[in-house]
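> Have a look at the structure that comes next, please.
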Ligand SMILES: Nc1nc2c(c(=O)[nH]1)N[C@H]1C(S)=C(S)[C@@H](COP(=O)(O)OP(=O)(O)OC[C@H]3O[C@@H](n4cnc5c(=O)[nH]c(N)nc54)[C@H](O)[C@@H]3O)O[C@H]1N2
Ligand SMILES: Nc1nc2c(c(=O)[nH]1)N[C@H]1C(S)=C(S)[C@@H](COP(=O)(O)OP(=O)(O)OC[C@H]3O[C@@H](n4cnc5c(=O)[nH]c(N)nc54)[C@H](O)[C@@H]3O)O[C@H]1N2
Ligand code: SF4
Ligand code: SF4
Ligand code: SF4
Ligand code: SF4
Ligand code: SF4
Ligand SMILES: [Mo]
């Protein structure tokens, strides 16, 4: 007992220290703190030794997954994040980043107050201003632009990264009335979501808990963590129920957990899937009953695949995977079907053919019948919650989205200049290119950016910098002085996820639920949640914007004529969606379920079956739903397309210049010139894209990214472990340390995305490691305008 | 009064190192390469691309083994290292003289020096931060995504850990040294 | 009560007399070296006091560094001198009677120097004093080491006082006591390493026995050095007789040591037991062993003894310098080699090379304290030789 007491004293000391360290930061300079000078900071505290801690149910936002956490607060300081076992999606876990979320709050580099740029763009020279000054500055510049653009609301671009409050920001975009919206989809999952969408009607989830056979190609669940997939899968692999085939050019941690690892040549997965399909169709291994009842265009597809001789032998030459292996896998897959899964993947668009690849994958999955069923791909269900009403004002003078139709479009052809189809999330690369080459149908002069880091997140960093420089008013809402923040005219600091309540969200799946992020501590410094930022901003700009519209917008003028100005303004008032507190809106969202709101505030998670079904099964495992209440099958085992069938042959696509069935083309062959390397990029379990590189706790696990280069090639080139190399392409170059390994092919290199930041205000991330997007070429995938990220060949030079 | 041990279902481990961060945050372990109570080891892969030896890259999570016959305890001159009532091998920082003998004596590299107190530190099964508050899991166990870790009372025949050890094949590290580890790797 | 009543101090010994010495070039050189070393020691200590253990290059994998090696070096020297001196006044071997006082003074000084070094290695020496008593770790070789060396120091201090007082009866008892406790303490020090089951290269019976053997060799080298300096190589006949005899003993001890080492390595390597054989082969691949330990510490002195049948005592004084350098390497290597093999052989970070041999090179503070401590020893010896009658009359 003596011991516990002395520990307790020690704790108080160190907690106090970290708080002091936190508040001392405001006093000094804009970004910095005294701690930065030491170049070393450790803000861990010994915790939980006193009895006076409080727990707040929250949701992690260190990545897209939103795992449920219980935050422990001691003396106003968050001292620990533990998994909240109540959430079926995250199943009682927090990954390393989730655990290190505390450091996102106490990072001394955090944005602390609103700022206005005073120096050259990109140089990071700002002056600290009050919120009011910041809003005022935005108002002035914005009204000037809108005045000059005669109230074309689309002269402002809005972009956002994924997040719980993304929708709040999107509401602002809608209320503002612009039609230019860009989000992460075209640099993330556009092609896979659409490929499955048009083929089976939705981007499905995978029931990895019950699958017996899984092909995981181009996805790395051991490192790119997706819940509950990561947890479900690896409890069953290695001879314990699920056979795992990993198809990846690199030997990943997923490969290490697989029964078989197939080192495919980058960009050739389509040939692999077509050959698997060939085996199934030629040996008639498909689930005939299922296909008969649930396929559209099966015969054409069969003829197409057999007729084109997409044989395993053919695919062997293209993919590098042995024909026998392809045959064996096709057979095994069908033997285990419908409890076998060709895993859809998440970040897609590695190559230009990706949309067709995902179609081929979806069709192949369907051949086994593993759709909308236990152990296969599932659609799941959702707990319905109420959306709060959004404002959808129409401004007569707002131009439609800045995309250009094909100049030489034939009658009925709906294609666009740079890609065939434009979806809600748009195409970042197309958009940027059109902007830079002055191909916009009208001037876009301003940009609002929320929780998104275009400087780091899309290929060809130079072009993004150029774009940001040319935009006249760039407003960035972030928590950190990111590379994009460096190019902002106005910086609005949001508080971190642990300092705010966010919109309640419903999480669909086999075991659906609703979860909430409750505020754990009050926002530090002068930061605020985005809803409050927007409340302040709209209060400032709503009237002036109305004045401009009044001047130019004929509809409004008419309406005023019909009634009176005040009542017209009332309708157009854009402050309305942000008038209420998040807590109030959340209460409304779940008011159909008695007691749900309180449950959510207290325990973070709610679903109607919880009271009857939830129970702890063992020290680690919980039952969320009784088997009979799980949503394995919600559409009778059918696809969710309009026809409720798997669409093999989409004639409509050909009208847009897109192949109606997946076709292999010679240009898809993998080619790397001698002495060059194909650059691959991807995830690491301990980092999230560009957002965590400054997290000192995570950096402690891995100081920086290294470039994987084949060991034998490294020896030939005299490159040793830790040597710095320069990686360069047409686009640009970056420097990074070398990691010679046999886990990668001799003509490929790989490094983890999200390092090599250029923002000097990030003490630890600044120029730490290599930045892949400085090197990756902006190659546009033709169907959706997504970024084809693994088509760049690079040179490597030891420096 | 219990005899705590941990089972590691190590084939589940994906080397994410959530356990390591959880431990650091929970126990106030300082940052720095030397300062860690828990780790996951992996061998550089054997073979040449693409003929790689998958099994050669198994992930091995580890930490203090809480040896029943702990060399670190045996060599400690001041009884700073001791077995607590629950069989957990712990260090009393008030008694530790930093002779570093235990660090040399531990066959598992489980100990390091905490540079604030300048005494030896190591995994203590979260005894002071969690168990003393009535919690029944360790920070590393609770957070593990693939549920590699099962902590429990070896003396309680009804505990999950006892059940697993009765029914699943397992091994301990360096058993020939006679340290009687209480970290069990199940196959 | 006056100090002089307890222990006879030389007539005319004053603080001032410490600064009066014959200004020969050799003496000047020794004086300057000693003062430099003492300064170095304090620089090391200051660095340590400023930065704590961070001033040292010891790590998680290599927790014991040069300071432990140096500590062992000093206590081995002490035990060695004690054992050799016991030839005379415990076992009554005539020729060795003359070395008693000087050797015991040396033994006291050596162990005090060792304690001076270890005081800066142990992180919390005061805590040690308290809890060594309050919660003694009876299974700990380090606890026994502290306790036994404490006892040993007490006994040889008494022994020295009694020798100074020419109280031969009590002197004999204390000599015997000092010898017995010294030998136990010292072989126990070997067991500090020998008990390490984690370290197969050190684990076992070898070190406890080897420590006694190498202590006697160290003692012999030191006697040569002490007498060489005392008489500036002009040895009176009784000293010549003693040294010649000692040379023969030394030859025998060296032969045994070489024989021991040979078998140690052969048994370590034979059969290729993991860790043990690897480490043994690694040691045999290094210059530290062959040049430091074997050539300087064993071979050169051994060849001189054999070649001259023990008569080349002048050359042996010089060879004792190489011998002591060799002994230093033996101590340093003993500590380092024990920790050579990593206890964690897997990579625990994404981007790191697989752990191989644990590397260690002492920091400035460690070198300063260790080497500086030699200055402390010489200074203490100088004071002792001024203050006390160390020659046999
Ligand atoms: N080369 C290459 N490029 C890639 C990828 C790749 O693998 N390789 N991956 C792609 C993928 S899949 C995706 S999804 C995109 C992601 O690209 P982004 O959507 O840009 O996501 P992040 O890179 O994580 O950057 C998120 C930004 O949000 C900030 N932020 C974090 N939390 C908050 C918060 O609570 N509030 C606010 N306001 N800001 C916050 C962070 O500081 C950071 O600046 O990147 C894509 N780009
Ligand atoms: N820890 C962590 N988890 C995350 C994220 C994170 O940043 N960190 N981000 C989240 C987000 S936004 C996303 S989109 C997902 C991304 O999740 P994933 O898409 O699973 O992950 P990535 O690492 O981007 O890419 C997957 C793998 O594709 C391989 N690959 C590259 N080219 C080819 C090819 O041509 N064929 C095949 N078969 N494989 C290829 C790469 O080597 C890589 O291992 O992860 C999510 N989870
Ligand atoms: S996967 Fe990790 S980072 Fe992502 S939400 Fe879950 S705990 Fe947070
Ligand atoms: S948290 Fe679990 S899966 Fe992750 S490294 Fe630790 S033991 Fe392995
Ligand atoms: S693993 Fe090491 S530190 Fe832990 S009890 Fe065993 S010997 Fe002691
Ligand atoms: S370093 Fe501390 S705990 Fe370790 S043996 Fe010495 S006194 Fe005991
Ligand atoms: S049991 Fe606790 S102290 Fe031990 S490694 Fe796990 S988290 Fe750290
Ligand atoms: Mo993504």
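Residue numbers (this note's numbering), protein chains in the order written: chain A, 1 to 799; chain B, 1001 to 1187; chain C, 2001 to 2393. We put the beta carbon where it would ideally sit given N, CA and C, even for glycine.
(1) Rank A/366, A/792, A/483 and A/353 by C-alpha distance to the C-alpha of residue 190 of chain A and give the top, closest one.
(2) For a test of your reading of the model: does the CB of residue 2348 of chain C fall under 8 angstroms from any non-hydrogen atom of ligand 7? Yes or no.
(3) Give a single yes or no on whether residue 356 of chain A has its beta carbon closer than 8 angstroms to a heavy atom of ligand 2.
(4) Apart from the five residues on each side of it in sequence, which residues of its chain come closer than 7 angstroms, Cβ to Cβ, to residue 2143 of chain C?
(5) Would you grab the beta carbon distance between residue 57 of chain A and residue 602 of chain A for me? Rounded to a whole angstrom, and I think it's under 8 angstroms.
(6) Cβ of residue 223 of chain A versus every heavy atom of ligand 8: is any distance shorter than 8 angstroms?
(7) Spatial neighbours of residue 2179 of chain C within its chain, please: C-beta separation below 8 angstroms, excluding the five flanking residues on both sides.
(8) Distance check for residue 690 of chain A and residue 776 of chain A, CA to CA, integer angstroms please.
(9) Could you name the residues of the same chain whose beta carbon sits closer than 8 angstroms to that of residue 40 of chain A, not counting the 5 residues immediately before and after it, in chain order?
(10) Going along chain B, which residues have a C-beta under 8 angstroms from residue 230 of chain A?
(11) Give me whichever residues DSSP pairs with residue 81 of chain A in a beta bridge.
(12) Considering Cα atoms alone, identify which of C/2253, C/2329, C/2305 and C/2244 is closest to residue 2283 of chain C.
(13) Do the CB positions of residue 158 of chain A and residue 182 of chain A come within less than 9 angstroms of each other?
(14) Can the beta-carbon of residue 2007 of chain C be found closer than 9 angstroms to that of residue 2160 of chain C?
(15) Show which residues of chain A have a CB atom less than 8 angstroms away from the CB atom of residue 1151 of chain B.
(16) Have a look at C/2241, C/2020, C/2121 and C/2038 and flag the residue whose alpha-carbon is nearest the alpha-carbon of residue 2095 of chain C.
(17) Return the first residue and the last residue of the alpha helix (DSSP H) that residue 551 of chain A is part of.
(18) From residue 147 of chain A to residue 176 of chain A, what does the alpha carbon distance come to, in whole angstroms?
(19) If we ignore side chains and look at the alpha-carbon of each, how far apart do residue 214 of chain A and residue 276 of chain A end up?
(20) Go through its chain and collect everything with a Cβ distance to residue 119 of chain A's Cβ below 7 angstroms, but skip five positions before and after it.
(21) Mind checking if residue 512 of chain A is an interface residue toward chain B, Cβ cutoff 9 angstroms exclusive?
(22) With a cut-off of 9 angstroms, does the C-beta of residue 1174 of chain B fall near any C-beta of chain A?
(23) Please state the DSSP three-state secondary structure of residue 684 of chain A.
(24) Which whole runs of the beta strand (DSSP E) in the stretch 165–235 of chain A are 3 residues long or more, in chain order?
(25) What residues from chain E crowd round residue 2064 of chain C, counting only those whose CB sits closer than 7 angstroms?
(26) Nearest chain A C-beta to residue 1041 of chain B closer than 9 angstroms, yes or no?
(27) Of all Cβ atoms in chain B, is any one closer than 9 angstroms to the Cβ of residue 786 of chain A?
(28) According to the Cβ coordinates, are residue 755 of chain A and residue 693 of chain A closer than 9 angstroms?
(29) Does residue 1037 of chain B get closer than 9 angstroms to chain C when you measure Cβ to Cβ?
(30) Name the chain C residues that come within less than 7 angstroms of residue 1077 of chain B, Cβ to Cβ?
(31) Is there at least one Cβ from chain C nearer than 9 angstroms to residue 1182 of chain B's Cβ?
(32) Just checking: is the beta-carbon of residue 697 of chain A within a distance shorter than 9 angstroms of some beta-carbon in chain C?
(33) So who's on the other strand from residue 2334 of chain C, going by DSSP bridges?
(34) Helix, strand or coil, according to DSSP, for residue 1115 of chain B in the structure here?
(35) Ordered along the chain, which non-local residues of its own chain (more than five positions away) have a Cβ less than 7 angstroms from that of residue 1102 of chain B?
(36) So is the beta-carbon of residue 1064 of chain B under 8 angstroms away from any non-hydrogen atom of ligand 4?
To lay it out plainly:
(1) Minimum Cα distance to residue 190 of chain A is reached at A/353.
(2) Judged by the Cβ position, residue 2348 of chain C fails to qualify as a neighbour of ligand 7 at the 8 angstroms threshold, every heavy atom of the ligand being at least this far.
(3) Every heavy atom of ligand 2 is 8 angstroms or more from the Cβ of residue 356 of chain A, so no.
(4) If you ignore the 5 residues before and after residue 2143 of chain C, its C-beta comes within less than 7 angstroms of the C-beta of 2132, 2136 and 2137, all in its own chain and listed in chain order.
(5) Between residue 57 of chain A and residue 602 of chain A a beta carbon distance of about 7 angstroms is seen, short of the 8 angstroms cut, so the two are scored as contacting.
(6) The closest heavy atom of ligand 8 lies 8 angstroms or more from the beta carbon of residue 223 of chain A.
(7) Within the same chain, residue 2179 of chain C has close Cβ partners 2082, 2083, 2086 and 2090.
(8) The C-alpha of residue 776 of chain A lies about 15 angstroms from the C-alpha of residue 690 of chain A.
(9) The pLDDT assigned to residue 40 of chain A is 40, lower than 50, so where the model puts this residue is not dependable; a value taken from the coordinates is nonetheless given after this. Counting only Cβ-Cβ distances below 8 angstroms, and skipping sequence neighbours, we find nothing.
(10) For a Cβ distance threshold of 8 angstroms, residue set 1014, 1145 and 1146 of chain B lies close to residue 230 of chain A, ordered along the chain.
(11) Its beta-bridge partners are A/71.
(12) For residue 2283 of chain C, the nearest C-alpha among the options comes from C/2329.
(13) In this structure, residue 158 of chain A places its C-beta atom within 9 angstroms of the C-beta atom of residue 182 of chain A.
(14) Against a cut-off of 9 angstroms, the Cβ pair of residue 2160 of chain C and residue 2007 of chain C comes out as a contact.
(15) Per Cβ cutoff of 8 angstroms: 619.
(16) Nearest in C-alpha terms to residue 2095 of chain C, of all of C/2241, C/2020, C/2121 and C/2038, is C/2241.
(17) 530–552 is the span of the alpha helix (DSSP H), which, as asked, contains residue 551 of chain A.
(18) Put simply, the backbone Cα of residue 147 of chain A is about 15 angstroms away from that of residue 176 of chain A.
(19) Computed Cα separation, rounded: 14 angstroms.
(20) The beta carbon of residue 119 of chain A is closer than 7 angstroms to those of 125 in its chain, skipping five residues each way along the sequence.
(21) Chain B contact via Cβ: absent.
(22) Chain A, which has no Cβ nearer than 9 angstroms to the Cβ of residue 1174 of chain B, makes this no.
(23) Residue state, collapsed to three classes: strand.
(24) Fully enclosed beta strand (DSSP E) runs of 3 or longer: 180–183 and 213–217.
(25) Considering every chain present, this structure includes no chain E. Its protein chains are A, B and C.
(26) Not flagged as an interface residue toward chain A: residue 1041 of chain B, since no C-beta distance is shorter than 9 angstroms.
(27) With 9 angstroms as the cut-off, residue 786 of chain A does not count as an interface residue toward chain B.
(28) It is a contact, given that the beta carbons lie within the stated cut-off.
(29) No, residue 1037 of chain B lies away from the interface with chain C (no Cβ there is under 9 angstroms from its Cβ).
(30) Chain order gives the chain C residues near residue 1077 of chain B as 2132, 2137, 2140, 2142, 2143 and 2146, where near means a beta carbon separation below 7 angstroms.
(31) No, residue 1182 of chain B lies away from the interface with chain C (no Cβ there is under 9 angstroms from its Cβ).
(32) No, residue 697 of chain A lies away from the interface with chain C (no Cβ there is under 9 angstroms from its Cβ).
(33) Answer is none; residue 2334 of chain C lacks a bridge partner.
(34) It is coil, neither helix nor strand.
(35) If we look at residue 1102 of chain B and ignore the five residues flanking it on each side, its Cβ neighbours are 1072, 1075, 1076, 1081, 1111 and 1120.
(36) Flag unset: Cβ of residue 1064 of chain B not near ligand 4.
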